[in-house]
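Asks:
In my numbering, the protein residues as written are 3 to 89.
1. Classify residue 80 as helix, strand or coil using the three-state DSSP reduction.
2. Under a three-way DSSP split, which group does residue 90 fall into?
3. With residue 39 and residue 14 assumed to form a contact (beta carbons below 8 Å), what rounded beta-carbon distance in angstroms separates them?
4. Going along the chain, which residues of its own chain have a beta-carbon closer than 7 Å to the beta-carbon of residue 3, five neighbours each way excluded?
5. Under 7 Å Cβ to Cβ from residue 47, same chain only, skipping five residues before and after it: list those, please.
6. Does DSSP put residue 75 in a helix, in a strand, or in coil?
Structure below.
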């Protein structure tokens with residue numbers, strides 16, 4: 003099994019070459035206090051519990067991450083639990 007290093011689990015590669023703007027700075031700040039990227043996502047989900055505003059901060063941060071991310075050019079085979087979405 004390939005074990006990931008602690009720093010690798012805290013790295014959002016989509017932020018490495020992202021243009022600096024307030025939202026990117028907020029996301030980087032949020033990530034500093036977390037154990038992993040998954041911990042960051044969980045905190046955003048917790049913050050959104052019961053939130054009905056589509057412009058809530060965590061929603062906007064998640065939208066920014068998806069905007070900066072990349073999609074695979076090709077996926078082969080049947081992958082359980084992998085859902086691709088188009089916006």
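Backbone N, C-alpha and C fix where the C-beta goes; we use that ideal spot for every residue, glycine too.
Replies: Taking the structure as given:
1. Coil at residue 80, not helix or strand.
2. The structure shown does not extend to residue 90, since the chain is modelled only from 3 through 89, so no value can be given for it.
3. Sure, about 6 Å apart at Cβ, within 8 Å.
4. Any reading at residue 3 is ruled out, since the residue's pLDDT is 46, under 50, leaving its predicted position unreliable.
5. None.
6. Looking at residue 75 - three-state DSSP - the assignment turns out to be coil, as it is neither helix nor strand.
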